[in-house]
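Colleague:
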Amino acid sequence: QPVAVNELISLVVDSMSLQLQKKDAEVTLALDAEKDVLIGDELHLSNVIYNLIDNANKYSPSNPKITIKTRNHANGIDIEISDEGIGMTKEQTKRIFDQFYRVPTGNLHDVKGFGLGLSYVNDIVAQMNGSIKVNSEKDKGTTFTIHIPFKLNN
Ligand code: ATP
Ligand code: MG
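Using the UniProt record's numbering, the final residue of the sequence shown is 616, and nothing's skipped along the way.
#1: Starting from ILE610 and walking both ways along the alpha helix (DSSP H), at which residues does that stretch end?
#2: Could you pull the start and end residues of the beta strand (DSSP E) that GLY538 belongs to?
#3: Sort TYR582, ASN584, TYR563 by Cα distance to LYS574 and report the nearest one.
#4: According to DSSP, simplified to helix, strand and coil, what is SER593?
#5: Whole-angstrom Cβ separation of GLY538 and PHE606, contact assumed at under 8 Å?
#6: Do THR555 and THR529 come within 8 Å of each other at the CB atom, strictly closer than that value?
#7: So, for PHE576: in the same chain, excluding its five sequence neighbours on each side, which residues have a beta-carbon less than 6 Å away from its beta-carbon?
#8: For a test of your reading of the model: does the CB of LYS484 fall under 7 Å from any non-hydrogen atom of ligand 1? Yes or no.
#9: Distance check for GLY603 and GLY547, CA to CA, integer angstroms please.
#10: For LYS531, does the three-state DSSP call read helix, strand or coil?
#11: Buried or exposed: where does ASP545 fall if 16 or more other Cβ atoms within 10 Å of its Cβ makes it buried?
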């Protein structure tokens, strides 16, 4: 079923306003994908976006600065979610898609979680024949980039 990605992102951000306001988060949207409709499961895709924004917010000490971008690729849409939070080392980023993995040090003490969000994200993106990349620098911030093709099979 067709999913309008830009609209979906705006709806997810709106639905998170309370938790984002609690930390004084600033969310910048640059939803530049002109062809933004893809075939997929709207609920799963909104959960993916939710999890990445939730992490960006949780793993930023205060006043999180979160940027969400969409752009078209030759055969699909890229969604990029970045923060200027605590970041991770290269070694740590290798394990974050594993179930129950949480970075042992450097996590803020009050941050709760099960270490399940990103393994779910990874599964859903794979189901959509997409890919996900993480780019992070300790104490600088993190960027997740998801590429999702328009077609399920090609
Ligand atoms: P939950 O199951 O509630 O999502 P979680 O946030 O701990 O718990 P994941 O979303 O799977 O689990 O993330 C795994 C770990 O990766 C986190 O515990 C954190 O250490 C690290 N991490 C994820 N996103 C970021 C980010 N944006 N900045 C820094 N570290 C992150
Ligand atoms: Mg999480």
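For every residue, glycine included, the Cβ atom is placed at its ideal position computed from N, Cα and C.
Modeller: Taking the coordinates as given:
#1: Not the alpha helix (DSSP H): ILE610 falls in the beta strand (DSSP E), residues 603–611.
#2: 538–545
#3: TYR563
#4: strand
#5: 16 Å between Cβ atoms; not a contact.
#6: no
#7: none
#8: no
#9: 5 Å
#10: strand
#11: buried
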